[in-house]
Amino acid sequence: MSSIPSLEVVSQASSLSPEFDWQSGWIRFPLSQENGETHEWSLVVCGDWAPRFGLEQAIIENPLGFHGDLLPIMQEADLAMVNLECVLTDDDLQPIVKDGIAVQLPTSTIAGLSIVPFHLACLANNHTCDYGIEGLTKTQELLERHHIRSVGAGLCAKEAEKARFFQFGNTRLAVVNVAEGEEGRSLNGGPEVASLDLSRLRGQLSSLRTQADVLMVVVHAGREHLPVPAPYIQAIYHSLVDAGADLVVGHHPHVPQGIELYKGAPIAYSLGNFALLMGTPVEYRRLGYFLKARFRGSELSVLEIWPYRIGLDGLGLLAGQQLARFLLELEELSAFIANDGRLADVWNAYADSWFVSLGMQELADSIALLGGEALLVQSVLKASLNRFDGDGFAHRLARRAIWQGINWLDQRIRSEQLLTKSGRRTRMRRGASILRNRFDTLAHRELYLTALRRVMDGKLGPAPDWASKLLMDWKVFWMNGK
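The sequence shown runs 10 to 491 under this note's numbering.
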């Protein structure tokens, strides 16, 4: 990556607007004439950290080498933060019932955080509460013993929602960390992660504007594996800037997404994975970037983009043609974000493909878990009655056979409901957690609503070819080798 210009050069820029340089991978921000600050400081923010699928041993055996040539750049920063997307404990804890996997890693992996060192672990995500109160408490205690602060989670909402403050010369930074639904929400006032609740955040950010000079919001939200943010995510992140955020950084999609300047404030929609492999050969899920933001006093001067590849032995910065290609594609993805129409086209194409290939199956599977396979089959049989509404012999025979099947299944359902076996209860809890997540989390709910509206309007399917091709090129729906 090209060297970053000195802050003196940036401050003399004639343009009154931030300037992208996709050849070098930085964005420069002209300083105001009133800025008399001489104190310079910087922060680094990284994406998803959960070293599984072979990375665990690499990070334990060689935590220093794991970070490769990224390490000097991160260590130069005054503040380094990362999204810690797992529970760190050696204890055999019982996972919560949830939609998705529970992620636990041994305490020895903390070396991968402390060696940098990361100063702040962002805990607002869908895995922090995988093992309930005990898992969260043990993770936070381990972080504290290694002098790593945390933000975005706590034993109650008030604790989870607290901002973390840092002082650099005369400049005070506030960091807020929130997550979109999933399984980090508080149950009966218990442990939770801070929620992406815009009505609450507007009030919090307004208050923080009187307490801090720089306000940063880190968000864990969006659809996984999609190369561009959903329109609802863009609207939310814009609202965060409107409420006072100077810098918004997102993660959770597990692939890099573009960067937008909104009212002069940078929004990085998804950094992609950091110390995390998805068990897939898909190229874009093995690439990510971290941000280095340079400040003079309270003003952002340069935002550096540092792309890297995730390998089984660790991380390595992209260089040469690989770097040029990454930055070119990131520029193209950023252009999508700036064009509302094209962004909507990609989202609609995604909703169409997802609903046909996965969406209906997700609902059917969760209903089968919740009510039993017999209930699902019975519903299908009832729906099929409309196909045999004639007076002919074949239709009458079909209706009779279908009703016999419905009545037989009804008896089976009633007998199953009398059972109290733990296996059935566990299955029902699992089904309930999946359905609740689909209704209660924006990433799922917005997608279902988009797809269902397009079905109702007769628009399902005719998304632009270029949008469908983009999804194919990114292998958005790649699962289990398909």
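No residue lacks a Cβ here, since even glycine has one placed at the ideal position from N, Cα and C.
Subject >> Top-ranked residue by Cα proximity to S366, from V485, L342 and N446 >> reply: Of the residues V485, L342 and N446, the one whose Cα lies closest to the Cα of S366 is V485.
**OP:** Please state whether DSSP places S216 in a helix, a strand or coil.
**Re:** Correct three-state label for S216: helix.
**OP:** Pull up the CB-CB distance for L300 and E313, whole angstroms please, since I reckon it's below 8 angstroms.
**Re:** The pair is a contact, with the Cβ atoms about 7 angstroms apart (cut-off 8 angstroms).
Original post:
What residue range is occupied by the uninterrupted beta strand (DSSP E) comprising F486?
Top reply: Per DSSP, F486 belongs to no beta strand (DSSP E) and is neither H nor E.
Original post:
What number of angstroms, rounded off, separates the C-alpha of K167 from the C-alpha of A130?
Top reply: Looking at the two C-alpha atoms, the distance is approximately 18 angstroms.
Subject >> Limits of the beta strand (DSSP E) - the one that S159 falls within >> reply: It spans R158 to V160 - the beta strand (DSSP E) in which S159 sits, taken as one unbroken run.
Subject >> Which listed residue (P240, K272, S307 and I82) has its alpha carbon closest to that of Y317 >> reply: Per the Cα distances, I82.
Subject >> Alpha carbon of S11 to alpha carbon of G77, nearest angstrom >> reply: Residue confidence for S11 is low, a pLDDT of 39 falling below 50, so the modelled location carries little weight and cannot support an answer.
Original post:
Helix, strand or coil: which one does DSSP assign to F75?
Top reply: DSSP places F75 in helix when its eight states are reduced to three.
Original post:
Expressed to the nearest angstrom, what Euclidean distance is found between the alpha-carbon atoms of L52 and L379?
Top reply: Their backbone Cα atoms lie some 46 angstroms apart in a straight line.
Original post:
How close, in whole Å, do the beta carbons of L102 and F175 come, if the pair is a contact with beta carbons under 8 angstroms?
Top reply: Wrong, their Cβ atoms sit about 32 angstroms apart, outside the cutoff.
Subject >> For N282: DSSP bridge partner residues >> reply: Looking at the DSSP assignment, N282 forms a beta bridge with D57.
Subject >> Cut-off 6 angstroms between Cβ atoms - residues of its own chain near F397, not counting five sequence neighbours on either side >> reply: Closer than 6 angstroms at the Cβ level, and outside the excluded window around F397, lie H404, A407 and R408.
Original post:
Quick one: Cα of D349 to Cα of E269, how far?
Top reply: Approximately 12 angstroms, taken between the alpha carbons.
**OP:** With DSSP as the reference, please indicate the residues paired to C131 in a beta bridge.
**Re:** Under DSSP, C131 forms a beta bridge with N92 and V160.
Original post:
Could you give the distance in angstroms between the alpha-carbon of Y278 and the alpha-carbon of V226?
Top reply: Cα to Cα, the separation comes out at about 12 angstroms.
Subject >> Element boundaries [alpha helix (DSSP H), containing M465] >> reply: M465 -> alpha helix (DSSP H) spans L451 to M465.
Original post:
Looking only at its own chain, which residues have a Cβ that is under 8 angstroms from the Cβ of D255, when we skip the five neighbours before and after it?
Top reply: If we look at D255 and ignore the five residues flanking it on each side, its Cβ neighbours are V223, L224, M225, A274 and L309.
**OP:** Just list the alpha helix (DSSP H) runs in the segment 348-424, keeping only unbroken ones of 4 residues or longer that don't cross its boundaries, in chain order.
**Re:** Counting whole runs of 4 or more residues, the segment 348-424 contains the alpha helix (DSSP H) stretches 349-363, 369-380 and 382-393.
Original post:
What are the boundary residues of the beta strand (DSSP E) that includes Q176?
Top reply: Element bounds for Q176: R173 to F177.
**OP:** Measure from the alpha carbon of L132 to the alpha carbon of each residue in E94, I319, A239 and I36, then state which is nearest.
**Re:** Comparing Cα-Cα distances from L132 to each of E94, I319, A239 and I36, the minimum goes to E94.
Original post:
In three-state DSSP terms, what is G253?
Top reply: G253 sits in coil when the DSSP states are folded into three classes, being neither helix nor strand.
Subject >> Own chain residues within Cβ distance below 8 angstroms of N357, not counting five before or after >> reply: Annotation for N357: T459, R463, K468, A472 and A476 place their beta carbon closer than 8 angstroms to its own, counting only its chain and skipping 5 residues before and after.
Subject >> For A441, the three-state DSSP class (helix, strand or coil) >> reply: Here A441 sits in helix by DSSP.
Subject >> Three-way DSSP call (helix, strand, coil) for T47 in this model >> reply: In the structure shown, T47 falls within a coil segment according to DSSP collapsed to helix, strand and coil.
**OP:** Please work out which residues of its chain come closer than 7 angstroms, Cβ to Cβ, to G63, disregarding the five sequence neighbours upstream and downstream, and give them in chain order.
**Re:** Cβ neighbours of G63 beyond the five flanking positions: L286 and L321.
Original post:
For A188 versus L164, is the C-beta distance shorter than 8 angstroms?
Top reply: The Cβ-Cβ distance between A188 and L164 does not fall below 8 angstroms.
Subject >> Nearest neighbour of D419, chosen from M437, L390 and G399 [CA to CA] >> reply: Out of M437, L390 and G399, L390 has the C-alpha closest to the C-alpha of D419.
**OP:** Could you give the DSSP three-state label for Q266: helix, strand or coil?
**Re:** Residue state, collapsed to three classes: coil.
Original post:
Where H260 and G281 are concerned, what is the direct C-alpha to C-alpha distance, given to the nearest angstrom?
Top reply: Inter-residue distance for H260 and G281 is about 6 angstroms (C-alpha atoms, whole angstroms).
Subject >> Within 8 angstroms, strictly: CB atoms of F283 and D57 >> reply: Less than 8 angstroms divides the Cβ of F283 from the Cβ of D57.
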